[in-house]
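S.K.:
Number of protein chains: 2
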Amino acid sequence: MNPILGRSGAAALVAVVASAGALAQQSPRPEQLIKWRQSAFQVVAWNNGRIKASLEGTYNKEEVVKAANTIAAIANGGLGSLFAPGTDRGKGWHDTNAKPELFQDGNSRHVGELALNFAKEASELARVAAAGDAASVKEQFGKVNRTCKACHDDFRAKD
Amino acid sequence: MNPILGRSGAAALVAVVASAGALAQQSPRPEQLIKWRQSAFQVVAWNNGRIKASLEGTYNKEEVVKAANTIAAIANGGLGSLFAPGTDRGKGWHDTNAKPELFQDGNSRHVGELALNFAKEASELARVAAAGDAASVKEQFGKVNRTCKACHDDFRAKD
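The listed protein sequences derive, respectively, from chains A and B. In case it helps, my numbering puts the first sequence at residues 108 to 266. In case it helps, my numbering puts the second sequence at residues 108 to 266.
#1: If I follow the unbroken alpha helix (DSSP H) through residue 259 of chain B, where does it start and stop?
#2: Mind checking if residue 180 of chain A is an interface residue toward chain B, Cβ cutoff 8 Å exclusive?
#3: Using C-beta distances below 6 Å, list every residue in its chain close to residue 193 of chain A, excluding the 5 sequence neighbours before and after it, in chain order.
#4: Output needed for residue 167 of chain A: all residues of its chain with C-beta closer than 6 Å, excluding positions within five of it in sequence on either side, in chain order.
#5: Using DSSP with H/G/I as helix, E/B as strand and the rest coil, what is residue 269 of chain A?
#6: Rounded to the nearest angstrom, what separates residue 123 of chain A and residue 226 of chain B at their Cα positions?
#7: Does the Cβ of residue 170 of chain B have 16 or more other Cβ atoms within 10 Å, making it buried, or fewer, making it exposed?
#8: Would you mind listing the alpha helix (DSSP H) stretches within the segment 128-195 of chain B that are 4+ residues and don't spill past its ends, in chain order?
#9: Within 8 Å (strictly less), CB to CB, does residue 177 of chain B reach chain A?
#10: Nearest chain B C-beta to residue 230 of chain A closer than 8 Å, yes or no?
#11: What residues from chain A crowd round residue 183 of chain B, counting only those whose CB sits closer than 7 Å?
#12: Spell out whether any CB of chain A is found under 8 Å from the CB atom of residue 147 of chain B.
#13: For residue 290 of chain B and chain A, any beta-carbon pair shorter than 8 Å?
#14: Measuring CA to CA, which of B/214, B/204, B/253, B/231 is closest to residue 265 of chain B?
#15: For residue 142 of chain B versus residue 199 of chain B, is the C-beta distance shorter than 8 Å?
#16: If we count Cβ pairs, one from each stretch, closer than 8 Å, do we get three or more for the segment 208-223 of chain A versus the segment 142-153 of chain A?
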C-alpha cells in the first residue's frame, strides 16, 4: 500500500474510477456519436425521399405527414449534441463527412443559426403537411431543403 | 423492327422501361431500405439512452421531451415500409438482424400488433414526458422498452 495515499487514497482512486465509469455511461464514445448522427441524417434522407415521391407522383397526405413529423422531431431533437468536441474526425458507419470548420469556435454562432433554421422550417413543414395542401407542402419543402443545402455547402465535405 | 410489335410495340416497350425507371425512383433498393431501418433503430437507441441517462442521473425534462418526441415520430412514422418484401436478407450498414420469420405471411398480424404496441406506448411516453413527472416517465419508459423487447425476442437474431 502506498504509505502516502494510504486507505483514503485508495478509496479516492476507486471513487475516480467509478466516476469515470459513470461518465462513460453518460458520454458515449465519439465513434458512437458519429454513428448516431449519420443515422439521424439517413432517417432525414429517407423521409425526404417519401415527401419528394408524393410531390412528384400521387400525393399521399398520410405519408407526407408521417415523414414531415419525423424530420421535424429530428431537426428539433438536439442534433448538436452529436457534434460534441472530439467528433471532428473519426468513423461511425463511415468516416465523418463533417468539415473541420464545423467544430471551430469562431463558427459556432453560424452553425447554431443553420441548425435553428433547419428546426424552424422543418416544424413549419410538419404544420403545413397536417393542413394537407400539396402546393403549400411543396413550397415549404423547398425551404427545408435550402436549410439542408446551406449547411452542407459550408460544413459537409464532398463525398 | 419486329413486324409483330411494330411501332406501337416499340412505344409500349419504351413506356414499360420509363415506368420501371419511375418505379425504381419510388421504390428504393432493398439494401437502401435495410440501411434506413438500421439507421432508424440507431436513432431510437440514441434517444433511449438519453432518457435512461436522465432517469438514472439528473432529470432533464427538455432532453427527455426531445428524445421521447423523436422515438414517437419514428414509431409512428411507417417503419413497416422499410421491411418490404425482398429485404428479408441483405446488407445495409451491416447484414440484417431480422429473422426470416418476420417476413412470413403467417406472422404479419402478430408483427403488425407488435408495431402498433410500440407506436402506442411511444406516443404515450411523449405525452407523459411533456407533463414532466419523472416517476411517470420511468414507468412509461419501461412499457416502451417492453414493446422493443417483445419484437426483438421474436424477430431479431442475436448479434
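Virtual Cβ for every residue (Gly too), placed ideally from N, Cα, C. It should be emphasised that the depicted structure is a prediction, and the values quoted were computed from it without experimental measurement.
M.R.: This is what the structure gives:
#1: In the second sequence, the residue the question calls residue 259 of chain B occupies position 152. That run of the alpha helix (DSSP H) goes 241-262.
#2: Working through the first sequence from its first residue, we reach residue 180 of chain A at position 73. So yes, residue 180 of chain A belongs to the interface.
#3: By one-based count along the first sequence, residue 193 of chain A stands at place 86. 137.
#4: As a working mapping, residue 167 of chain A is identified with position 60 in the first sequence. Only 161 meet the Cβ criterion.
#5: There is simply no residue 269 of chain A to check, as chain A begins at 108 and stops at 266 in what is shown.
#6: Within the first sequence, numbered from 1, the residue matching residue 123 of chain A stands at position 16. Within the second sequence, numbered from 1, the residue matching residue 226 of chain B stands at position 119. Its pLDDT being 42, under 50, residue 123 of chain A is placed unreliably in this model, and the coordinates cannot settle the point.
#7: Numbered from 1 along the second sequence, position 63 holds the residue referred to as residue 170 of chain B. So residue 170 of chain B counts as buried.
#8: 137-163, 168-182
#9: Here residue 177 of chain B refers to the residue found at position 70 of the second sequence. For residue 177 of chain B, the answer is yes, since a Cβ of chain A falls inside 8 Å of its Cβ.
#10: Along the first sequence, read from residue 1 onward, the residue named residue 230 of chain A stands at position 123. So, not an interface residue.
#11: The residue you call residue 183 of chain B lines up with position 76 of the second sequence. What residue 183 of chain B touches in chain A: 173.
#12: What you label residue 147 of chain B is simply residue 40 of the second sequence in a count that begins at 1. At least one chain A Cβ lies under 8 Å of residue 147 of chain B.
#13: Because chain B here runs from 108 to 266, residue 290 of chain B falls outside it and cannot be looked at.
#14: Along the second sequence, read from residue 1 onward, the residue named residue 265 of chain B stands at position 158. Residue 265 of chain B has its Cα closest to that of B/204, out of B/214, B/204, B/253, B/231.
#15: As a position in the second sequence, residue 142 of chain B is number 35, starting the count at 1. As a position in the second sequence, residue 199 of chain B is number 92, starting the count at 1. It is a contact, given that the beta carbons lie within the stated cut-off.
#16: no
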